[in-house]
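In the numbering used here, the protein residues as written are 52 to 172.
A quick write-up on the structure given underneath.
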């Protein structure tokens, strides 16, 4: 499963149902991926202190990071044109598509993308 930025942020805020879902998936040995774009989006939050950054980086190490490379960029461009997405969202959707894994998100716009499976928590 590819975990979207909004799910990562909810988990960092200790939202119970999100933490439980991620914990259950990890216990089931399901691979949990994040895009390198999610790392950038999460670490870019303006109110973060140095201790917040350390805690977030440690948390993000629980996931398998997938780089935003040229192949992902090409597919992201296609999805951006077709679905009018912002680049980070197009990149995350492209990552899910190329890895053939469901995208776990709360962003309803992703449900319009026919090429990917979207799960919500």
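From the three backbone atoms N, C-alpha and C, an ideal C-beta is built for every residue, glycine too.
Burial state of residue i, where buried means 16 or more other Cβ atoms lie within 10 Å
i: residue 92; result: buried
i: residue 69; result: buried
Chain-order list of residues whose beta-carbon lies under 6 angstroms from that of residue i (same chain, five-residue window excluded)
i: residue 141; result: 127, 130, 131
C-alpha distance - residue i paired with residue j, whole-angstrom precision
i: residue 113; j: residue 134; result: 31 angstroms
i: residue 71; j: residue 115; result: 19 angstroms
i: residue 167; j: residue 154; result: 7 angstroms
i: residue 165; j: residue 111; result: 28 angstroms
i: residue 99; j: residue 66; result: 18 angstroms
i: residue 55; j: residue 102; result: 23 angstroms
i: residue 106; j: residue 138; result: 27 angstroms
i: residue 163; j: residue 136; result: 11 angstroms
i: residue 149; j: residue 123; result: 7 angstroms
Beta-carbon contacts of residue i that lie in its chain and below 7 angstroms, excluding the five residues immediately before and after
i: residue 152; result: 52, 53, 84
i: residue 60; result: 93
Contact under 8 angstroms by Cβ, residue i with residue j
i: residue 172; j: residue 58; result: yes
i: residue 86; j: residue 146; result: yes
i: residue 143; j: residue 88; result: yes
Strand pairing of residue i, partner residues [DSSP]
i: residue 155; result: 54, 170
i: residue 84; result: 53, 115
Residues of its chain near residue i, where Cβ-Cβ distance is below 8 angstroms and the 5 sequence neighbours each way are ignored
i: residue 62; result: 69, 70, 73, 110
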